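Chemist: Take this structure, written in structure tokens, and hold onto it; I'll ask about it next.
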Amino acid sequence: MLKSKVLEGLTRRRFLQWSQGAMAAAGASPLLAGAAKAFGDGPQAAGPSRPDYYEKLGVTKMINAAGTYTMYTASTMPAQVQEAVGQAAHHPVHLSDLQSKAGEYIANKLHCEAALVSCGADSALTLAAAACVQAANPDLKVGDIPEKVSEGKNEMIVQKAHRYGYDHAFYLCGLNFVEVETMDDYKNAFTPKTVMTNFFNAARGGEISHEDWLAVAHSHNIPCNIDAAADMPPISNLWKYTQMGFDTVCFSGGKGLRGPQNAGLLLGKKNLIDLATANNNPYDEGVGRGMKVAKEQIVGMVAAVDWILEQNDEAMEKGYTERCNVIAHMVQHIPSMQVSIFVPPVANHVPHLVLTYDPSVVGITPREVHDKLRAQDPSIELNPSTGSKHSITGDGSGENQIVLGTWMLQPGEDEIVGRELRKVLTSAKGA
Ligand SMILES: *Cc1c(COP(=O)(O)O)cnc(C)c1O
209 MLKSKVLEGL TRRRFLQWSQ GAMAAAGASP LLAGAAKAFG DGPQAAGPSR PDYYEKLGVT
269 KMINAAGTYT MYTASTMPAQ VQEAVGQAAH HPVHLSDLQS KAGEYIANKL HCEAALVSCG
329 ADSALTLAAA ACVQAANPDL KVGDIPEKVS EGKNEMIVQK AHRYGYDHAF YLCGLNFVEV
389 ETMDDYKNAF TPKTVMTNFF NAARGGEISH EDWLAVAHSH NIPCNIDAAA DMPPISNLWK
449 YTQMGFDTVC FSGGKGLRGP QNAGLLLGKK NLIDLATANN NPYDEGVGRG MKVAKEQIVG
509 MVAAVDWILE QNDEAMEKGY TERCNVIAHM VQHIPSMQVS IFVPPVANHV PHLVLTYDPS
569 VVGITPREVH DKLRAQDPSI ELNPSTGSKH SITGDGSGEN QIVLGTWMLQ PGEDEIVGRE
629 LRKVLTSAKG A
């Protein structure tokens, strides 16, 4: 077979170029362009002829030495996730069919009863709340949330130290907060109007443990939600909290999971996930109607779950530590510089490089370094706790610290960051 001989050794892309040329000569190029798309010619295959829309728009691309922060578009998707997104873009499907099959697949992989791909962790909180509101108020229809919730059961119990910016996700379902501090407060907080509880996993305070929290709520038959948005790695956290007994568990899809930034996971009990689904799009009346995840991102989320389950915590930690070491070696000779590696206990639980130095010796403050690196080309974004009073390590020297999250760096960027950082730190005195 002469034809397959010719094709051997040609990449698929070169084959497409070659065959497109051949077909164009035969006057069939529009057809072939369609065929190229059907092959799943995804983002990886972007050639020099395609526009770079960031450049076209004048948007600065950055080197992310910060971490998975929403304002910095969190993470980038691994190649296999990008490819899955690209492939999904080529075909229409029934949205609810994709939603339910993606949910079943993810639930199976993450060892829980049921799952739903939400529009980020934030919408997972809202959909969990809508599910609990309906479970507690069987007479309320989907379209009654939030307007009619005040007429029925509408209380959510939280520890005072677990109040946070994401509370608004629950207000969207018309819930009122009941705050508790001690175990006694908690036991007395349950009323005939209690709908659910929320537990903020990465909260810095709060004296009631996960286990006690669950035991008391469940003795009243009240479901418990946990917000674990940024709490992976370790990978096993993806099933730890459902197995601990939390009825619904929320994760960000675009942080450590490295799926699309507007995707997230709601994991949990089948009856609640079913109710959450009823309040989600594509149905028009639900509180989740405006929280649509497109087919590309649903598929991307599934691919990200596959990707993370192929990783292991030790190898990831080793890789991020090596990047810390590359950067540390390039700046540790600077006068007064102390380098250390810090792993936050919960949320962003990965090695961060912490550079502590005396700004009066070096001639530039960490905040100034932060701003300089951001403004230059290439633009480098340091961890937002750089130069902050609220030290990431909690040791009180935050204002003298540069912090780097190395886990989102692309190959080779550790050396660029080390070099640029050294330049800024060593040129400061004379300036
Ligand atoms: C990031 C985060 C969220 C929101 O996650 P999205 O995926 O951006 O919606 C919610 N809760 C906590 C604790 C977070 O860190």
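Its first residue numbered 209, the sequence shown is counted upward by one per residue in the working numbering.
Just so it is clear, CB atoms sit at the ideal spot from N, CA and C, and this is done for glycine as well.
Please read these numbers as outputs of a predicted model, since none were measured by experiment.
1) Quick check on DSSP: helix, strand or coil for Ile624?
2) Would you mind working out which of Tyr372, Glu389, Thr405 sits nearest Ala337, comparing C-alpha positions?
3) Report, in whole angstroms, the separation of the C-beta atoms of Val534 and Leu563, which I expect to be a contact under 8 Å.
4) Just the C-alpha distance for Ala502 and Phe459, rounded to the nearest angstrom, thanks.
5) Note down the Cα distance separating Leu480 from Ser331, rounded to an integer number of angstroms.
6) Here's the rule: buried if 16 or more other CB atoms are within 10 angstroms of the residue's CB, otherwise exposed. What is Tyr528?
7) Considering only residues of the same chain and omitting the five flanking positions on each side of Val293, which have a CB-CB separation below 6 Å?
8) Whose CA, out of Ala329, Pro354, Ala315, lies closest to the CA of Arg373?
9) In chain order, what residues of the same chain lie with their CB nearer than 8 Å to the CB of Ile506, ignoring the 5 residues before and after it?
10) Kindly provide the ranges of any beta strand (DSSP E) runs that are 3 or more residues long and lie completely inside the stretch 367-410, ordered along the chain.
11) Does the distance between the C-beta of Gly262 and the nearest non-hydrogen atom of ligand 1 fall short of 8 Å?
12) Suppose contacts are defined by Cβ-Cβ distances below 9 Å. Is Gly569 in contact with Ser544 by that definition?
13) Using the three-state DSSP reduction, which class does Ala236 fall into: helix, strand or coil?
14) Let me confirm a value: Val267 is counted as buried when at least 16 other C-beta atoms fall within 10 Å, else exposed. Which label applies?
15) So if DSSP puts Leu475 in a beta bridge, which residue, or which two residues, is it bridged to?
16) So what's Val569 in DSSP terms, helix, strand or just coil?
17) Helix, strand or coil: how does DSSP classify Gln618 here?
18) Judging by CA-CA distance, which residue of Thr281, Trp421, Phe385, Asn520 is the nearest neighbour of Ile443?
19) Quick one: residues in its chain with C-beta nearer than 7 Å to the C-beta of Pro441, no 5 flanking neighbours on either side, listed in chain order?
20) Between which two residues does the alpha helix (DSSP H) containing Asp521 stretch?
21) Taking Pro354 as the reference, give the member of Gly604, Asn487, Gly606, Pro431 with the closest Cα.
22) Just the Cα atoms here: how many angstroms apart are Lys401 and Asp482?
23) Looking at C-beta atoms only, is the number of pairs between the stretch 415-429 and the stretch 489-499 that lie closer than 8 Å three or more?
24) For Leu590, count neighbouring C-beta atoms within 10 Å of its own C-beta (all shown protein chains included) and say buried if the count is 16 or more, exposed if not.
25) Hey, out of Val632, Tyr277, Leu333, whose CA is closest to His376's CA?
26) In three-state DSSP terms, what is Leu318?
Modeler: Reading from the atomic positions:
1) For the purposes of this step, residue 624 is taken as residue 416 along the sequence shown, with counting starting at 1. Helix at Ile624.
2) For the purposes of this step, residue 337 is identified with residue 129 of the sequence shown, where counting begins at 1. Comparing Cα-Cα distances from Ala337 to each of Tyr372, Glu389, Thr405, the minimum goes to Thr405.
3) Taking the sequence shown and counting its residues from 1, one reaches residue 534 at position 326. Taking the sequence shown and counting its residues from 1, one reaches residue 563 at position 355. Contact flag wrong, Cβ pair sits at about 13 Å.
4) Residue numbering aside, residue 502 sits at position 294 when the sequence shown is read from its first letter. Residue numbering aside, residue 459 sits at position 251 when the sequence shown is read from its first letter. One C-alpha to the other measures close to 18 Å.
5) On the sequence shown, residue 480 is found 272 positions in, with the first residue counted as 1. On the sequence shown, residue 331 is found 123 positions in, with the first residue counted as 1. The straight-line gap from Cα to Cα measures roughly 15 Å.
6) Counting from one through the sequence shown, the residue named residue 528 turns up at place 320. Buried, because 16 or more other Cβ atoms sit within 10 Å of the Cβ of Tyr528.
7) Walking along the sequence shown from the start, residue 293 turns up at place 85. Glu504, Gly508.
8) Along the sequence shown, one-based indexing puts residue 373 at 165. Residue identity check: residue 373 is Gly in the sequence provided, not Arg. Ranked by Cα distance from Gly373, the first of Ala329, Pro354, Ala315 is Ala329.
9) To locate residue 506, count along the sequence shown from 1; it is residue 298. Cβ within range, chain order: Ala296, Leu306, Gln307, Ala310, Val325, Ala471.
10) You should have 384-388, 402-408.
11) Taking the sequence shown and counting its residues from 1, the one referred to as residue 262 is at position 54. Position check: residue 262 holds Tyr in this sequence, whereas Gly was assumed. The answer is no for Tyr262.
12) The count along the sequence shown starts at 1 and reaches residue 569 at position 361. The count along the sequence shown starts at 1 and reaches residue 544 at position 336. It is Val, not Gly, that sits at residue 569 in the sequence shown. Yes, they are a contact pair.
13) For the purposes of this step, residue 236 is taken as residue 28 along the sequence shown, with counting starting at 1. In this prediction, Ala236 has a pLDDT of 41, which is less than 50 and means its spatial position is unreliable; nothing more can be read from the coordinates.
14) If you number the sequence shown from 1, residue 267 lands on position 59. Around the C-beta of Val267, fewer than 16 other C-beta atoms lie within 10 Å, and the residue is accordingly described as exposed.
15) If you number the sequence shown from 1, residue 475 lands on position 267. Leu475 is bridged to Ala323, Val457.
16) As a working note, residue 569 is residue 361 in the sequence shown. The DSSP-derived three-state label of Val569 is helix.
17) Taking the sequence shown and counting its residues from 1, one reaches residue 618 at position 410. It is coil, neither helix nor strand.
18) Against the sequence shown, residue 443 aligns to sequence position 235. Cα-wise, what sits closest to Ile443 is Asn520.
19) Taking the sequence shown and counting its residues from 1, the one referred to as residue 441 is at position 233. Closer than 7 Å at Cβ, skipping near neighbours: Gly464, Asp521, Met524, His557, Val558.
20) Within the sequence shown, numbered from 1, the residue matching residue 521 stands at position 313. For Asp521, the enclosing alpha helix (DSSP H) covers residues 521-539.
21) Counted from its first residue, the sequence shown places residue 354 at position 146. The shortest CA-to-CA distance from Pro354 to any of Gly604, Asn487, Gly606, Pro431 is the one to Asn487.
22) What you label residue 401 is simply residue 193 of the sequence shown in a count that begins at 1. What you label residue 482 is simply residue 274 of the sequence shown in a count that begins at 1. Lys401 and Asp482 have their C-alpha atoms roughly 22 Å apart.
23) Because the criterion of three Cβ pairs below 8 Å is not met, the stretch 415-429 and the stretch 489-499 do not touch.
24) As a working note, residue 590 is residue 382 in the sequence shown. Leu590 is buried by the Cβ-count criterion.
25) Taking the sequence shown and counting its residues from 1, one reaches residue 376 at position 168. Proximity to His376 across Val632, Tyr277, Leu333 peaks at Leu333, based on C-alpha coordinates.
26) Within the sequence shown, residue 318 is the residue found at index 110, counting from 1. In the structure shown, Leu318 adopts coil according to DSSP, grouped into three states.
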